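In the working numbering, the protein residues as written are 1118 to 1307. First the structure, in the form of structure tokens, and then the observations on it.
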């Protein structure tokens, strides 16, 4: 996917007010009918969904075997995390994919400044929305998994807080030069 994106982006042209745009009709057709509908959207969603189903099946199989209860509980938490992650991935990725397919075929006219501004606002909002796709993992995992919460608490309190406290104490105990006070006398003028 990385090599594909590098090659795909090499055919784009940069326009100062718009950003990266495709000037080639062939590239527009490729992006509209293959890249966004197949590679960017459904393929990623299908792969995520497939692996979440495999994880779910694995947990169902573990329940039937003689596995310790703690392990079963952790596996259930992991499966819930993966399934929730896939749902949020679909929620965050689908609007951006649909918008990109639409905007490539129907670019907003620059002569109509209101329509163009609305398109830019929508593009910026959906870029923010697709960025939430990556930032939401932390919050999803915190909300679902008690083991993940314990691990985050351990890292933040035991590791980061102790380092910061140690650094702050070392900084307070540093010895530095004091400003020398010079006293001038008026003895020469008497």
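The beta-carbon is built from N, C-alpha and C at its ideal position, and this holds for glycine as well. Since the model is a prediction, treat every value here as computed from it, not as a measurement.
Whose C-beta lies closer than 8 Å to the C-beta of residue 1205 among residues of the same chain, with five residues either side of it excluded?
-> Excluding positions up to five away in sequence, the list reads 1250, 1253 and 1257.
CB-CB under 8 Å to residue 1171, same chain, minus the five flanking residues each way: which ones, in chain order?
-> If you ignore the 5 residues before and after residue 1171, its C-beta comes within less than 8 Å of no other C-beta in its own chain.
Residue environment, residue 1167, which counts as buried when at least 16 other CB atoms sit within 10 Å | Per the 10 Å Cβ criterion, exposed.
Should residue 1208 be labelled buried (16 or more other beta-carbon atoms within 10 Å of its own) or exposed?
-> Exposed, because fewer than 16 other Cβ atoms sit within 10 Å of the Cβ of residue 1208.
Between residue 1267 and residue 1203, what straight-line distance do the alpha-carbon atoms span, to the nearest angstrom?
-> Looking at the two C-alpha atoms, the distance is approximately 23 Å.
DSSP state of residue 1228, grouped into three classes?
-> Residue 1228 falls in the coil class under three-state DSSP.
Among the residues of its own chain, which have a CB less than 6 Å from the CB of residue 1307, if the five just before and after it don't count?
-> Annotation note: pLDDT 49 at residue 1307 (below 50); position unreliable, no value reported.
Which of helix, strand or coil DSSP assigns to residue 1141 = Correct three-state label for residue 1141: coil.
Start and end residues, alpha helix (DSSP H) containing residue 1263 | Counting along the chain, the unbroken alpha helix (DSSP H) around residue 1263 starts and ends at 1263–1270.
Cβ neighbour criterion (16 or more within 10 Å) applied to residue 1263 = With fewer than 16 other Cβ atoms within 10 Å, it is exposed.
With DSSP as the reference, please indicate the residues paired to residue 1129 in a beta bridge.
-> Its beta-bridge partners are 1139.
Close-in-space but distant-in-sequence residues of the same chain around residue 1226 (CB under 8 Å, 5 per side omitted) | Closer than 8 Å at the Cβ level, and outside the excluded window around residue 1226, lie 1232 and 1233.
Whose CA, out of 1148, 1163, 1191 and 1200, lies closest to the CA of residue 1173?
-> In terms of CA proximity to residue 1173, 1200 leads the group 1148, 1163, 1191 and 1200.
When you compare only the Cα positions, how much space is there between residue 1272 and residue 1279?
-> In this structure, the straight-line span from the alpha carbon of residue 1272 to that of residue 1279 is close to 10 Å.
Would you please state the rounded distance, in angstroms, between the beta carbons of residue 1216 and residue 1243? I believe it to be under 8 Å.
-> Residue 1216 to residue 1243, Cβ: 5 Å. Contact.
Nearest to residue 1149 by CA position, among 1274, 1175 and 1218, is which residue?
-> Minimum Cα-Cα distance from residue 1149 among the listed residues 1274, 1175 and 1218 corresponds to 1218.
Whole-angstrom distance between residue 1141 and residue 1255, CA atom to CA atom = Straight across, the Cα-Cα distance linking residue 1255 with residue 1141 is about 39 Å.
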